[in-house]
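Asker: Sequences listed follow chains C and Y, in order.
Numbered per the working numbering, the first sequence spans residues 83 to 165.
Numbered per the working numbering, the second sequence spans residues -17 to 393.
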Amino acid sequence: MRTKSRWGRQAAGARAAPRLIALVLLLGSSCAPVRPEQRAILADKIMRFGADARARSALEHALENREGSIGGGSVQGGGCGCN
Amino acid sequence: MQLRRAPLALGLGVALAALPTHGQVAEVDVRTQVFHEPSATSRMTVYTPELGVSARPTDGTRVFASYQADAVSGASEAIKAGPLLSGVPDIVSRASVQDYRHVASGGFSLERAHARLDASYTYGTENDYRSNAISVAAGTDFWQRNTDVEIGYSHGFDEVCSLAQGNLPATLRQGLDSSEGCFTGSERVEALDISLDNFRVAWTQTWTPVFTTQLIFSGGLQHGFLGNPYRQVVIGPTGQAAQEHHPDDRSRAALALALKYYARGLKTAFGLSARGYRDSWQIQSVTSELSVERYLFPWLTLLVHGRVYAQSGASFWSDDYTGGEPSYGPRGQYWSGDREVSPLKTLLAGGRLEGTWRADGAGRWVGVFRQVSAGVSFDLVKTVLDDFTWAGQLPDDTLVMLPSLAASGTF
Chain C
83 MRTKSRWGRQ
93 AAGARAAPRL
103 IALVLLLGSS
113 CAPVRPEQRA
123 ILADKIMRFG
133 ADARARSALE
143 HALENREGSI
153 GGGSVQGGGC
163 GCN
Chain Y
-17 MQLRRAPLAL
-7 GLGVALAALP
3 THGQVAEVDV
13 RTQVFHEPSA
23 TSRMTVYTPE
33 LGVSARPTDG
43 TRVFASYQAD
53 AVSGASEAIK
63 AGPLLSGVPD
73 IVSRASVQDY
83 RHVASGGFSL
93 ERAHARLDAS
103 YTYGTENDYR
113 SNAISVAAGT
123 DFWQRNTDVE
133 IGYSHGFDEV
143 CSLAQGNLPA
153 TLRQGLDSSE
163 GCFTGSERVE
173 ALDISLDNFR
183 VAWTQTWTPV
193 FTTQLIFSGG
203 LQHGFLGNPY
213 RQVVIGPTGQ
223 AAQEHHPDDR
233 SRAALALALK
243 YYARGLKTAF
253 GLSARGYRDS
263 WQIQSVTSEL
273 SVERYLFPWL
283 TLLVHGRVYA
293 QSGASFWSDD
303 YTGGEPSYGP
313 RGQYWSGDRE
323 VSPLKTLLAG
333 GRLEGTWRAD
343 GAGRWVGVFR
353 QVSAGVSFDL
363 VKTVLDDFTW
373 AGQLPDDTLV
383 MLPSLAASGT
393 F
C-alpha cells in the first residue's frame, strides 16, 4: 500500500490550513453578532486581552530566564548569568 | 556611537509625546519589578525599573517611547559538570555577576476606523550584548468589531561578545572570563552576530456579551551564537571543559488559545489559556494558565492566577557529556550547561491588586492627571528540574520571588 511521504503530508496540511481558518471564521461570523450596546462587559479591562500588556511583558521577561520555550524575541543578554 | 543614539531617540520620542498639541491625551507609566532567587551558592537578584510614555498628538495617531533597565547582581556557575565528576573538588566554579542592561524603545501607531498599524524600534545594550529590533504589526476588525485579526513581524540583529579564538575547534574553545574589552575593538574578544525573526498571527473573536477568545500562532527563526559565552561544560572524563556549544539555528513555533468568560452571578472574569510549543532543538512544551479577576470596589481590582508549564529537553541535552557520545550524534556535536534546555516544569502562583481613580468631570488630580492607577503584584515561580545537577548536586536556586509596583497617569 502506498503511503504519503512526509512532504506530501506537510503540503496537504499547508493546503488545508487556510480552509480550516476560513471555516472557523465563517462559523464565528454565523453566530448572532454582539451588538455595540452589548459590549459594556467586554470593554472592561478585566475582559480585554492585552489590557495588562505591561504586567504580562514584565512577567514573561522574568520567565524567559527560566524556561526554554518562552521569549526568543530580542533584547536579551547573553552573559548576565541569569540564563 | 549607537550608545549615544539610543538616549537621543528616546529623548526625541518623549519630546514628541510631550508636545502640547490639540486633542492630546498622554499617558505616563512607571513600573519596577524585582527578580529574587535566594540560594546558598548561586543567588540572583535583578531590579527592573521601567518608564513608558505615550501621547496622541492627533486623532488616529499615537507615539510612544519607553526605557527599561536591568540591574543584575548575584553569583552564577561558570562551569557545568555532571554526576560522574561529583567526587572532583571544585569542578563546578562559581563567579559573581554584576551587570546592567539598558533598553530604549520608540514607535508610533496609526489608527483608522477599523484598521491599525504599529511600528517600533528597540535598542538594548549591556557590557557583553547589543541588540537592535524593528517591529511592525497591522490589525483590522470586522463583523461589528466581533472579529479582530492582527499580524506582526519583528527582526532583531544582535551581537554577543565572546573570547576571540579564531578557528579553534569547538572542543577547544574556552568561555569568556569577563566582559573587559567587549565592543571596544579589543583583539582579546570578538562580537558574534545573532539574527532573530519572529512573526505572529492573532485572531480575537467575541462570541457573546460575556465570552471572548483569542488564538495566536507565533513562529521564530534564530541564527548565530545561541549559547552563553561565559559558560563552560565539562566534556571529558578528566575534567576537560569547553565553551557551551549550541546549534547555530533554531526554529520555533507555538499555538496558544485563551478564553475569557464573565460570570454575571459572581461578577468575576475567568481566564483560561493553553499553549503548545515545539522547536527544531526538539524542545516541546505545554503551558496552561487560569486567572480569576474581579472588582472588590468600583476602583479596585484583584487578580489571582496560577500557571503550570512543562517542557522536554533538547535533543542534545545531557546532564553529563563525559560518557563518550558518538561525535555525529546530537550529544557529541553539541553540549550545554543551560538548564533552560533540560527537561523541567515550572509552577507559578500570584496575584495583583490595582486601583484606578478618575477625576470628576473636567477636574484633574494634582491639577494634572485625568486618571491615575497604581498596582502591586507578587508572584512565586518554582522550577522542578528533572535532569539537571551541578556535578550531581541538585541546584537550590529553584524558587523565584517576583514582587512589582506599577503606577500610571493619564493627562
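Glycine included, every Cβ here is placed at the ideal spot set by N, Cα and C.
Within the segment 259 to 345 of chain Y, note down every full alpha helix (DSSP H) run reaching 4 residues or more, in order along the chain.
Answerer: As far as the segment 259 to 345 of chain Y is concerned, its whole alpha helix (DSSP H) runs of at least 4 residues are 312 to 315.
Asker: Taking its Cβ as the centre, do 16 or more other Cβ atoms sit within 10 Å of Y/I133, making it buried, or is it exposed?
Answerer: With fewer than 16 other Cβ atoms within 10 Å, it is exposed.
Asker: Would Y/V192 count as contacting chain C if we go by Cβ distances under 8 Å?
Answerer: At least one chain C Cβ lies under 8 Å of Y/V192.
Asker: In three-state DSSP terms, what is Y/P211?
Answerer: Y/P211 falls in the coil class under three-state DSSP.
Asker: Measuring alpha carbon to alpha carbon, tell me which of Y/I217, Y/T380, Y/A8 and Y/V79 ends up nearest Y/E108.
Answerer: With distances taken between Cα atoms, Y/E108 lies closest to Y/V79.
Asker: Looking at chain Y, which residues of the segment 118 to 132 of chain C have a Cβ within less than 9 Å of any of its Cβ atoms?
Answerer: Under the 9 Å Cβ criterion, the segment 118 to 132 of chain C contributes P118, Q120, R121, A122, I123, L124, D126, K127, I128, M129, R130, F131 and G132.
Asker: Alpha carbon to alpha carbon, how far is C/P118 from C/A98?
Answerer: Each residue's Cα considered, the two are about 34 Å apart.
Asker: Are at least three pairs of beta-carbons, each pair with one atom in the segment 296 to 313 of chain Y and one in the segment 327 to 335 of chain Y, less than 8 Å apart?
Answerer: As far as the Cβ criterion goes, the segment 296 to 313 of chain Y does not touch the segment 327 to 335 of chain Y, which means the pair count is below three.
Asker: From Y/A22, Y/F124, Y/G319 and Y/G391, pick the residue whose C-alpha is nearest to that of Y/F341; which is it?
Answerer: In the sequence as displayed, the identity of residue 341 of chain Y is Ala instead of Phe. Looking at the Cα atoms, Y/G391 is the closest of the given residues.
Asker: Can the beta-carbon of Y/G157 be found closer than 8 Å to that of Y/Y111?
Answerer: For Y/G157 and Y/Y111, no; Cβs fall outside 8 Å.
Asker: Judging by CA-CA distance, which residue of Y/A115, Y/A63 and Y/G89 is the nearest neighbour of Y/S48?
Answerer: When only C-alpha atoms are compared, the closest one is Y/G89.
Asker: Can you find a C-beta in chain C that's less than 8 Å from the C-beta of Y/Y291?
Answerer: For Y/Y291, the answer is yes, since a Cβ of chain C falls inside 8 Å of its Cβ.
Asker: With 16 other CB atoms within 10 Å as the buried threshold, where does Y/A97 fall?
Answerer: Classification of Y/A97: exposed, given that the 10 Å Cβ count is below 16.
Asker: What is the rounded straight-line gap between the Cα of Y/P65 and the Cα of Y/A223?
Answerer: Their Cα atoms are separated by approximately 15 Å.
Asker: Evaluate Y/R246 with the Cβ neighbour count: other Cβ atoms within 10 Å of its Cβ, from every protein chain shown; 16 or more gives buried, anything less gives exposed.
Answerer: Exposed, because fewer than 16 other Cβ atoms sit within 10 Å of the Cβ of Y/R246.
Asker: Which residues in the same chain have their Cβ closer than 6 Å to the Cβ of Y/A238, if we skip the five residues on either side of it in sequence?
Answerer: Around Y/A238: I198 and R257.
Asker: Give the straight-line distance between the Cα atoms of Y/E93 and Y/Y316, rounded to the nearest whole angstrom.
Answerer: Their backbone Cα atoms lie some 47 Å apart in a straight line.
Asker: By the 10 Å Cβ neighbour count, where 16 or more other Cβ atoms means buried, how is C/G160 classified, buried or exposed?
Answerer: For C/G160, the pLDDT reaches just 36, beneath the cut-off of 50, and the residue's location in the model is therefore unreliable, although a value from the coordinates is still provided. Buried.
Asker: Can you look up Y/K364 in the DSSP assignment and give me helix, strand or coil?
Answerer: In this structure, Y/K364 counts as strand in the three-state DSSP scheme.
Asker: Would you please state the rounded distance, in angstroms, between the beta carbons of Y/S200 and Y/A236? I believe it to be under 8 Å.
Answerer: Yes, they are in contact, since the Cβ atoms of Y/S200 and Y/A236 sit about 5 Å apart, within 8 Å.
Asker: Y/W347 by DSSP, collapsed to three states: which one?
Answerer: DSSP places Y/W347 in strand when its eight states are reduced to three.
Asker: Any idea what DSSP makes of C/Q120, helix, strand or coil?
Answerer: Here C/Q120 sits in helix by DSSP.
Asker: Within the chosen definition, does the segment 12 to 29 of chain Y reach the segment 37 to 46 of chain Y through at least 3 CB pairs nearer than 8 Å?
Answerer: Cβ pair count under 8 Å is below three, so no.
Asker: Give me the Cα-Cα distance between Y/D52 and Y/R83, rounded to the nearest whole angstrom.
Answerer: Spanning the two alpha carbons is a distance of roughly 5 Å.
Asker: Run through chain A and tell me which residues come within less than 7 Å of Y/N128, C-beta to C-beta.
Answerer: Protein chains in the displayed structure are C and Y, and chain A is not among them.
Asker: What is the DSSP secondary structure of C/I128, counted as helix, strand or coil?
Answerer: DSSP places C/I128 in helix when its eight states are reduced to three.
Asker: Runs of 3 residues minimum, wholly inside the segment 25 to 94 of chain Y: which ones carry the beta strand (DSSP E) assignment?
Answerer: List check, beta strand (DSSP E) in window: 26 to 37, 43 to 59 and 76 to 93.
Asker: Output the distance between the C-alpha atoms of C/D126 and Y/P191, rounded to the nearest integer angstrom.
Answerer: Cα to Cα, C/D126 sits roughly 11 Å from Y/P191.
Asker: Can you round the beta-carbon distance between Y/V363 and Y/L387 to whole angstroms, since I take them to be within the 8 Å contact cut?
Answerer: Rounded, the Cβ-Cβ distance is 18 Å, inconsistent with contact.
Asker: Between the segment 143 to 156 of chain Y and chain C, which residues of the former have a C-beta closer than 9 Å to a C-beta of the latter?
Answerer: Listed in sequence order: C143 and S144.
Asker: Going along chain C, which residues have a C-beta under 7 Å from Y/Q196?
Answerer: Correct list: F131.
Asker: What's the call for C/E104, buried or exposed, on a 16-neighbour Cβ count within 10 Å?
Answerer: In the sequence as displayed, the identity of residue 104 of chain C is Ala instead of Glu. Exposed is the call here.
Asker: Does the beta-carbon distance from Y/A292 to Y/Q264 come in below 8 Å?
Answerer: No, the pair does not count as a contact, with Cβ atoms beyond the cut-off.
Asker: Using a cut-off of 8 Å between C-beta atoms, extract the partners of C/E149 located in chain Y.
Answerer: Here the neighbours are S267, Y291, Q293, E322, L326 and T328.
Asker: Thinking just about the alpha-carbon of each residue, which of Y/G306, Y/G34, Y/S294 and Y/R127 is nearest to the one in Y/T220?
Answerer: It is Y/G306.
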